[in-house]
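In full-length UniProt numbering, the protein residues as written are 1 to 374.
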């Protein structure tokens with residue numbers, strides 16, 4: 001049995017042909033695939049994307065590392081994948097997230113340098129928040145710049161992510177004491193494009209507490225691109241001060257205080273659908289701090305987001321705030337008039353972020369043209 005670290009020159013393909021019959025069926029199958037998916041941090045949204053591509057794009061094979069010890073993954077993953085990825089003449093496209101130092105991998109594996117190399121940015125290390133600027137480790141951002149220089153296509157999950165990265169390269173390189181490289185952003189920008197993260201939204205029924213998975217939708221003959229229902233909760237960014245509302249321990253949500261008087265709509269009547277007894281009193285307005293917005297809004301949450309980062313790219317002005325005081329004022333008004341939230345239809349087209357809408361863009365991204373030259 002040969003070691004996975006056998007030489008990776010082009011002559012290796014002759015060795016590979018000889019040993020092919022000794023490989024397990026799984027390895028034999030992977031060697032016939034044309035799209036190589038490499039993920040150095042296989043967890044969270046990184047895992048979601050790799051799984052989605054592997055399940056929906058033909059001829060994909062993936063090699064991954066568990067999502068732990070992020071800093072070590074960024075430093076050493078290329079060396080691991082040098083040995084873990086078997087040589088194959090079938091590979092045409094290499095797709096990796098920006099956690100991987102792509103420049104190191106293709107230097108260690110010259111056979112992979114000839115592929116169409118696609119780098120996807122979930123986040124970038126040039127502007128990733130740190131407590132103090134001196135706490136920023138230069139190496140991680142530097143790795144991403146090098147990866148962009150050797151990639152053929154660089155895709156970002158938002159315009160904010162792309163522009164913040166490109167516009168920060170020059171100032172970032174000033175951290176180098178002397179002999180600094182110049183105009184690297186001009187070399188990288190022509191390769192760049194925005195390709196939103198694709199989401200497989202659940203179908204939201206008329207009862208927002210009941211969600212169906214895509215598999216269940218198919219069985220029920222339902223479409224996954226239905227319009228989101230009227231919101232039943234507020235969703236907030238992680239920025240608000242904890243003192244604004246008393247957060248329920250362990251639930252990630254809070255409730256506006258209940259009052260003994262009846263909830264009334266703009267015309268002075270009870271909120272539509274309220275009955276007598278306790279139902280006629282103000283029902284608590286649930287407030288959540290979601291980890292996944294593009295999903296929370298689809299499932300019926302009313303967004304309140306800071307007018308910063310990527311939020312203005314996704315949410316209209318009416319859902320944004322500029323200061324903590326503005327947030328408090330908006331919250332106070334909505335807590336006093338919960339019917340405003342419950343009757344509102346959020347003006348965000350979540351379907352444009354769905355896998356159904358983005359799948360052809362991703363398939364095109366992973367397609368190989370015979371005239372490709374690295």
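Positions of the beta carbon are idealized from the N, C-alpha and C atoms, including for glycine. Here the structure is a predicted model, which is why all the values come from computation and not from measurement.
Worksheet entry | DSSP bridge partner residues for residue 60 (one or two, in chain order) | As a first step, residue 60 must be located in the chain shown, where it is residue number 60. Partner(s): 35.
Discussion item. Please state the DSSP three-state secondary structure of residue 299.
Written reply: Within the chain shown, the letter at position 299 stands for residue 299. Here residue 299 carries a coil assignment [DSSP, helix/strand/coil].
Worksheet entry | Under 7 Å between C-beta atoms of residue 78 and residue 42 | For the purposes of this step, residue 78 is taken as residue 78 along the chain shown, with counting starting at 1. For the purposes of this step, residue 42 is taken as residue 42 along the chain shown, with counting starting at 1. Judged by beta-carbon spacing, residue 42 lies beyond the 7 Å limit of residue 78, meaning their Cβ atoms are not closer than that value.
Worksheet entry | Three-state secondary structure assigned by DSSP to residue 40 | Counting from 1 along the chain shown, the entry for residue 40 is found at position 40. Three-state DSSP puts residue 40 in a strand.
Fill in: Burial state of residue 313 (16 or more Cβ within 10 Å)
Here the question's residue 313 lines up with position 313 in the chain shown. It counts as exposed.
Discussion item. With DSSP as the reference, identify every bridge partner of residue 148, one or two as the case may be.
Written reply: In the chain shown, counting from the first residue as 1, residue 148 sits at position 148. DSSP, once it has assigned bridges, lists no residue as partnering residue 148.
Discussion item. Can you give me the C-alpha to C-alpha distance between residue 366 and residue 58, rounded to a whole angstrom?
Written reply: In the chain shown, counting from the first residue as 1, residue 366 sits at position 366. In the chain shown, counting from the first residue as 1, residue 58 sits at position 58. For residue 366 and residue 58, the distance between alpha carbons rounds to 10 Å.
Fill in: Check whether residue 339 and residue 234 have beta carbons under 7 Å apart
Start at 1 with the first residue of the chain shown, and residue 339 comes out as number 339. Start at 1 with the first residue of the chain shown, and residue 234 comes out as number 234. Cβ atoms of residue 339 and residue 234: not closer than 7 Å.
Worksheet entry | C-alpha distance - residue 103 paired with residue 368, whole-angstrom precision | Mapped onto the chain shown, residue 103 falls at position 103. Mapped onto the chain shown, residue 368 falls at position 368. Cα-Cα distance, rounded: 20 Å.
Item to complete: Count the C-beta pairs between the region 332-346 and the region 154-169 that are closer than 8 Å, then say yes if the count reaches three, no if not.
Response: no
Worksheet item: Where does residue 418 sit, in a helix, a strand or coil, going by DSSP?
Response: The shown model of the chain, from 1 to 374, leaves out residue 418, and the question about it has no answer.
Discussion item. Quick check on this structure: which residue in 33, 120 and 46 has the alpha carbon closest to the alpha carbon of residue 87?
Written reply: Taking the first residue of the chain shown as position 1, residue 87 is located at position 87. For the residues 33, 120 and 46, the minimum Cα distance to residue 87 belongs to 33.
Worksheet item: Three or more C-beta pairs closer than 8 Å, one from the region 92-107 and one from the region 115-135: is that the case here?
Response: yes
Worksheet entry | Nearest-angstrom Cβ-Cβ length linking residue 149 and residue 187, presumed shorter than 8 Å | Your numbering for residue 149 matches position 149 in the chain shown. Your numbering for residue 187 matches position 187 in the chain shown. So it is a contact: roughly 6 Å between Cβ atoms.
Worksheet entry | Enclosing beta strand (DSSP E) for residue 286 [first to last residue] | For the purposes of this step, residue 286 is identified with residue 286 of the chain shown, where counting begins at 1. Per DSSP, residue 286 belongs to the beta strand (DSSP E) from 286-288.
Practice prompt. Just mark residue 128 as buried or exposed, buried being the case when its beta carbon has 16 or more other beta carbons within 10 Å.
Written response: Counted from its first residue, the chain shown places residue 128 at position 128. Residue 128 is exposed by the Cβ-count criterion.
Worksheet item: Hey, how far is the Cα of residue 184 from the Cα of residue 111?
Response: Translated into the one-based positions of the chain shown, residue 184 becomes position 184. Translated into the one-based positions of the chain shown, residue 111 becomes position 111. In a straight line, the C-alpha of residue 184 is about 26 Å away from that of residue 111.
Practice prompt. State the Cα-Cα distance for the pair residue 91 and residue 364, rounded to the nearest angstrom.
Written response: Here residue 91 refers to the residue found at position 91 of the chain shown. Here residue 364 refers to the residue found at position 364 of the chain shown. One Cα belongs to residue 91, the other to residue 364, and the distance between them is close to 16 Å.
Item to complete: Determine, using beta carbons only, whether residue 74 and residue 140 come nearer to each other than 7 Å.
Response: Residue 74 sits at position 74 when you count from the first residue of the chain shown. Residue 140 sits at position 140 when you count from the first residue of the chain shown. Yes, the pair counts as a contact, with Cβ atoms nearer than the cut-off.
Practice prompt. Please name the residue or residues paired with residue 315 in a DSSP beta bridge.
Written response: As a first step, residue 315 is located in the chain shown; it is residue number 315 there, counting from the start. Note: residue 315 sits in no beta bridge, so no partner.
Worksheet item: Is the Cβ-Cβ distance between residue 154 and residue 192 less than 7 Å?
Response: Position 154 of the chain shown holds residue 154. Position 192 of the chain shown holds residue 192. Against a cut-off of 7 Å, the Cβ pair of residue 192 and residue 154 comes out as a contact.
Worksheet item: Which of the three DSSP states, helix, strand or coil, is assigned to residue 159?
Response: Translated into the one-based positions of the chain shown, residue 159 becomes position 159. Residue state, collapsed to three classes: helix.
Discussion item. Less than 7 Å between C-beta atoms, sequence neighbours within five positions excluded: which residues of the same chain meet that for residue 357?
Written reply: Stepping through the chain shown from its first residue, residue 357 is reached at position 357. Excluding sequence neighbours, residue 357 sits near 351.
Item to complete: Can you say whether residue 290 is buried or exposed, counting buried as having 16 or more other CB atoms within 10 angstroms of its CB?
Response: Position 290 of the chain shown, counted from the start, is the residue given in the question as residue 290. It is buried - the Cβ of residue 290 has at least 16 other Cβ atoms within 10 Å.
Worksheet entry | Residue nearest to residue 31 in terms of C-alpha spacing, selected from 106, 89, 349 and 182 | For the purposes of this step, residue 31 is taken as the residue at position 31 of the chain shown. The shortest Cα separation from residue 31 among 106, 89, 349 and 182 belongs to 89.
Worksheet item: Can you give the Cα-Cα distance for residue 178 and residue 64, rounded to whole angstroms?
Response: Residue mapping note: residue 178 aligns to position 178 of the chain shown, counting from 1. Residue mapping note: residue 64 aligns to position 64 of the chain shown, counting from 1. So the two alpha carbons sit approximately 37 Å from each other.
Practice prompt. Spell out the partners DSSP gives residue 199 in its beta bridges.
Written response: Within the chain shown, the letter at position 199 stands for residue 199. According to DSSP, residue 199 bridges with 354.
Worksheet entry | Contact check, residue 411 vs residue 53, beta carbons under 7 Å | An answer regarding residue 411 cannot be provided, because it is not within the stretch 1 to 374 covered by the chain.
Worksheet item: Going by Cα to Cα distance, which pick from 310, 345, 38 and 203 is closest to residue 162?
Response: Counting from 1 along the chain shown, the entry for residue 162 is found at position 162. For the residues 310, 345, 38 and 203, the minimum Cα distance to residue 162 belongs to 310.
Discussion item. Considering only the alpha carbon of each residue, which of 194, 137, 190 and 151 lies closest to residue 172?
Written reply: Looking up residue 172 in the chain shown gives position 172. Measuring from the Cα of residue 172, the nearest candidate turns out to be 137.
Worksheet item: Counting along the chain, where does the beta strand (DSSP E) carrying residue 97 start and finish?
Response: By 1-based counting over the chain shown, the position of residue 97 is 97. Segment 93-97, the beta strand (DSSP E) holding residue 97.
Worksheet item: To which residues of the same chain is residue 71 closer than 6 Å at the C-beta, ignoring the five residues directly before and after it?
Response: Counted from its first residue, the chain shown places residue 71 at position 71. Nothing listed; no residue qualifies.
Worksheet entry | DSSP bridge partner residues for residue 120 (one or two, in chain order) | Taking the first residue of the chain shown as position 1, residue 120 is located at position 120. Paired residues: 97 and 155.
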